[in-house]
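Each residue of the sequence shown is one higher than the one before, counting from 8 in the working numbering.
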Amino acid sequence: MHVLRVEIHRTIVQEKKKNMKERMVPITLVTGFLESGKTTAISQIIRQGFGNLFGTTLLIDAEEEGEEHYDPVLLKEKGVVLIDADNPLLITASYLQALENSYHPNQVIIEYNGLFRVRHLDSLKLPEGWEIVRQMTILDGSVFHIYLESAKVQFEDMVQRTGLVLFNRCPRDRKKLQHFKEHVLAVNDTAQVIFEDEEGNIISCI
């Protein structure tokens, strides 16, 4: 997950400039299928600084129960409030407004189930100042062929407007990874595509 440090540094500067002018609540949307590594990626984001720069962070977990869980000690240390939404369909305009009224967050992270359309969020009237400023998509490279066979529509919906696609648990097979990248760029030719092996090391030259 080393690549997340670059993404974090670049967007923190942008957010500081915006916050100097008016209240702005940046939303980081992290999409991916169940067990793709979203919780691990978000934990890295929080650990590397998102949670202690602007005050309270809301982490909305709109995902069915997976094997990975958030570390309550880390969340408390970084000022992160975990909201268990259970199901993306529970995220409505009134639900988000209630969270705004209760917590007045300085930033929001949403872990979003890839089987639900990202377009659902587009139809919502967000609380004043809230804005999706970045989207990351996390995919498990070891089972990506299954995604393409059984959930291609959902895959395309996730990556259509994402800024970063991170394939983790990838085999070191250059031809196969190039094939993965081509599938992403066919849907979104501006997305940054990163590959990591099973140990979390970046696979370069793809």
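Ideal Cβ placement from N, Cα and C applies to all residues, glycine included.
Next on the checklist: Here's the rule: buried if 16 or more other CB atoms are within 10 angstroms of the residue's CB, otherwise exposed. What is G207?
Outcome noted: Numbered from 1 along the sequence shown, position 200 holds the residue referred to as residue 207. That one is exposed.
Checklist entry - For the beta strand (DSSP E) that contains I90, what are its first and last residues? => result Numbered from its first residue, the sequence shown carries residue 90 at position 83. Run containing I90: 87-91, per the beta strand (DSSP E) assignment.
Next on the checklist: Just to confirm before moving on: does the CB-CB distance between L36 and Y102 stay below 9 Å?
Outcome noted: Taking the first residue of the sequence shown as 1, we reach residue 36 at position 29. Taking the first residue of the sequence shown as 1, we reach residue 102 at position 95. Cβ atoms of L36 and Y102: not closer than 9 Å.
Next on the checklist: Spatial neighbours of L122 within its chain, please: C-beta separation below 6 Å, excluding the five flanking residues on both sides.
Outcome noted: Looking up residue 122 in the sequence shown gives position 115. Closer than 6 Å at the Cβ level, and outside the excluded window around L122, lie Q161.
Checklist entry - If we count the other Cβ atoms within 10 Å of its Cβ and call it buried at 16 or more, is N113 buried or exposed? => result Taking the first residue of the sequence shown as position 1, residue 113 is located at position 106. The residue in question, N113, is buried, as its Cβ has 16 or more Cβ neighbours within 10 Å.
Item to check | Option in I116, H127, Q51 with minimal Cα separation from L97 | outcome: Mapped onto the sequence shown, residue 97 falls at position 90. The shortest Cα separation from L97 among I116, H127, Q51 belongs to H127.
Item to check | Coil, strand or helix - I98 by DSSP | outcome: Position 91 of the sequence shown holds residue 98. I98 falls in the coil class under three-state DSSP.
Item to check | Between the CA atoms of I34 and V166 - distance to the nearest angstrom | outcome: Taking the sequence shown and counting its residues from 1, the one referred to as residue 166 is at position 159. Taking the sequence shown and counting its residues from 1, the one referred to as residue 34 is at position 27. Their backbone Cα atoms lie some 17 Å apart in a straight line.
Next on the checklist: Runs of 3 residues minimum, wholly inside the segment 119-174: which ones carry the beta strand (DSSP E) assignment?
Outcome noted: 137-147
Next on the checklist: Between G56, D68, T64, which has its C-alpha nearest K45's C-alpha?
Outcome noted: For the purposes of this step, residue 45 is taken as residue 38 along the sequence shown, with counting starting at 1. K45 has its Cα closest to that of D68, out of G56, D68, T64.
Next on the checklist: Here's the rule I'm using: 16 or more other beta-carbon atoms within 10 Å means buried, otherwise exposed. How should Q142 be labelled?
Outcome noted: One-based indexing of the sequence shown puts residue 142 at position 135. So Q142 counts as buried.
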